[in-house]
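For the sequence shown, the UniProt record's numbering assigns the number 1 to the initial residue and increments by one for each residue that follows.
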Amino acid sequence: MNERASGRQADSEQQLRRATMRDVAALSGVSIKTVSRVINGVATVSDELRDRVHKAIAQLDFQPNLAASSLRRTDGATRQIALLLEDVANPFSATLSRAVENVAREHGTLVFAGSLDEDPRRELELVRAATLHRVDGIIIAPAAPDHGYLHREIRTGTPVVFVDRPPRGLAADAVLCTNTEGAREAVLHLADHGHTEIAFLGDEQTISTVSERVAGYRAALAERGLPERPGRVVRDLPSPETAARAVGALLDSEHPPTALFTAQNLVTIGAIHALQERGLHERIAVVGFDDFPMADLLVPRVSVVAQDVLEIGTLAVRRLFERIAGGGAEPREFRVPTTLIPRGSGEISPPA
1 MNERASGRQA
11 DSEQQLRRAT
21 MRDVAALSGV
31 SIKTVSRVIN
41 GVATVSDELR
51 DRVHKAIAQL
61 DFQPNLAASS
71 LRRTDGATRQ
81 IALLLEDVAN
91 PFSATLSRAV
101 ENVAREHGTL
111 VFAGSLDEDP
121 RRELELVRAA
131 TLHRVDGIII
141 APAAPDHGYL
151 HREIRTGTPV
161 VFVDRPPRGL
171 AADAVLCTNT
181 EGAREAVLHL
191 ADHGHTEIAF
201 LGDEQTISTV
211 SERVAGYRAA
221 LAERGLPERP
231 GRVVRDLPSP
241 ETAARAVGAL
251 LDSEHPPTAL
261 FTAQNLVTIG
271 AIHALQERGL
281 HERIAVVGFD
291 DFPMADLLVP
301 RVSVVAQDVL
311 EIGTLAVRRL
321 FERIAGGGAE
331 PREFRVPTTL
341 IPRGSGEISP
351 PA
């Protein structure tokens, strides 16, 4: 092999191999320790040495190993947090994720998001992966029935903040909405428009928010002296398809409801689809819990109990960074108020 070909091969091998701190040190004529100090922003390095190191980094296209460098920081921070939600594709999760990302950016921190899919085993897997990557903290909308397994993580310095659902078997910060009050307001709204036959449709009954929203539904019925007929509370509806089938069964029952309170946005979408298929979308009233895209473009426009998801996400991530910084003595539960937005579907009167 001639000298030119040998040089090309060496160049090719250099391109295929990631540059290391040793390469940067050799090119800039300084020690590896000095390169490390420059990368970590240590102020004691002279301007002349810092310029040499930065030029070598640019020439070699060097990418520092942030995970490894975090182990050498005095605070041990990785500038990473984990955000574990039910489904990152859900409008609620997407909005919450954006709120968390906005605040994390202010702190120079990356957000790694994952979907739990209401699977406790998936929750354990993702929490384990997050802690193995030494994230600085975790925000989680949990799926597991017990969160005692997080005791060790909190004790060893990884703060955890719960969103949407409270922890069980663990004292930890939680940012939730006013589920019971919001559901009560929705059902009272339907009753005030003349409805006495109101059905409840919700997500899986093991989820704490579903229990709280059922409690609000029942409180409103009791307040107005309305009956809860057998079969009117339908739960375990994880998708629009299951919700649509449930609405069809209610409409075919001996005492069909004249109004629906749908306690989750995917359930609302399924219910509206079922009503549209039967041509009843302008005759059966609907109030949904959680807003969703295009809810105000349908006919009729969909009345909802809206959560302030941006505020929930912002409050949760600010609390997390407060914990990361060593603040916040006792765990707290924060409740963000909901808002009833009447748009049309919840104002339909029952048949004469």
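Every residue, glycine too, gets a C-beta built ideally from N, C-alpha and C. Since the structure is predicted, the reported quantities are computational estimates derived from the model, not experimental observations.
Let me make sure I understand the geometry here. Which of the options has the alpha-carbon closest to that of residue i?
i, options, result
"R229", "A186, Y217, S36, L280", "Y217"
"V335", "V175, I207, D290", "At residue 335 the sequence reads Arg, which differs from the Val that was named. Minimum Cα distance to R335 is reached at V175."
"A129", "R98, A82, R105, A263", "A82"
"V24", "L60, L150, S46, N102", "L60"
"I207", "L221, G231, L226, V163", "V163"
"G344", "A352, P350, L110, V302", "V302"
"L298", "H273, V127, L315", "H273"
"H195", "T178, L221, C177, A329", "L221"
"E48", "S211, A58, S28", "S28"
"D236", "S31, E333, T262, P300", "T262"
"A285", "S253, G313, V247, I140", "V247"
"G346", "D296, T109, V287, R318", "V287"
"F62", "G328, A89, T44, I39", "I39"
"L85", "T78, R79, T109, S115", "S115"
"residue 382", "P120, Q205, E212, F92", "There is simply no residue 382 to check, as the chain begins at 1 and stops at 352 in what is shown."
"I312", "A26, G279, S93", "S93"
"P238", "A191, D119, A352, E153", "D119"
"E204", "A77, A352, D117", "D117"
"H193", "R155, T78, P342, E153", "P342"
"A295", "L190, G270, P350, R134", "G270"
"residue 357", "G41, P64, S253", "Residue coverage of the chain in this structure runs from 1 to 352, which leaves residue 357 outside it and unanswerable."
"A183", "I154, V214, P167, V233", "V214"
"E330", "R37, A219, I154", "I154"
"A19", "I140, A113, P64, R105", "P64"
"R122", "A26, A144, A219", "A144"
Alpha carbon to alpha carbon, how far is residue i from residue j?
i, j, result
"D87", "T180", "23 Å"
"L275", "H281", "5 Å"
"T338", "P293", "17 Å"
"R224", "L188", "8 Å"
"M21", "V35", "7 Å"
"Y149", "V53", "45 Å"
"V267", "L250", "14 Å"
"R332", "G137", "16 Å"
"N90", "L96", "10 Å"
"G169", "H147", "6 Å"
"Q15", "N265", "Any reading at Q15 must be qualified, since the residue scores a pLDDT of 44, below 50, and its modelled position is unreliable; no value is offered."
"L110", "L132", "16 Å"
"R165", "P142", "7 Å"
"A172", "G108", "25 Å"
"A43", "D291", "49 Å"
"P300", "R278", "15 Å"
"V135", "H151", "16 Å"
"S46", "S31", "13 Å"
"I348", "T178", "25 Å"
"residue 362", "V210", "Absent from the model: residue 362. The displayed extent of the chain is 1 to 352, so no value can be given."
"P350", "R105", "50 Å"
"V78", "A26", "The residue you asked about is not Val; residue 78 is Thr in the sequence shown. When rounded, the distance between both Cα atoms is 27 Å."
"F289", "I140", "21 Å"
"F112", "V127", "11 Å"
"L124", "V234", "29 Å"
"A191", "G327", "46 Å"
"A58", "P167", "47 Å"
"V304", "A56", "58 Å"
"G41", "L340", "50 Å"
"Q80", "R37", "21 Å"
"K33", "R50", "12 Å"
"R283", "A219", "25 Å"
Give the DSSP bridge partners of residue i, in chain order.
i, result
"L84", "G114, I140"
"V24", "DSSP output for V24 lists no bridge partner at all."
"A199", "L260"
"V175", "V163, F334"
"T339", "A306"
Is the beta carbon of residue i within less than 7 Å of some heavy atom of the ligand ZN?
i, result
"R79", "The model depicted lacks the ligand ZN and carries no ligand whatsoever."
Those runs of the alpha helix (DSSP H) which lie wholly inside the segment 114-162 and span at least 4 residues: Correct list: 120-132, 151-155.
Meets three-Cβ-pair contact criterion under 8 Å: the segment 311-326 and the segment 157-167: At 8 Å Cβ cutoff, the stretches touch.
Within the segment 280-328, ranges of the alpha helix (DSSP H) (whole runs, at least 4 residues): 309-324
Uninterrupted alpha helix (DSSP H) stretches inside the segment 233-278 (no shorter than 4 residues): Whole alpha helix (DSSP H) segments, 4+ residues: 240-251, 265-277.
Meets three-Cβ-pair contact criterion under 8 Å: the segment 242-251 and the segment 299-308: Here the segment 242-251 makes no contact with the segment 299-308; the two share fewer than three CB pairs at distances below 8 Å.
Cβ contact check for the segment 190-201 and the segment 252-263: 3 or more pairs under 8 Å: yes
Given 8 Å, three or more beta-carbon pairs between the segment 313-320 and the segment 94-103: yes
Complete alpha helix (DSSP H) runs within the segment 179-231 (minimum length 4 residues, chain order): 179-192, 208-224
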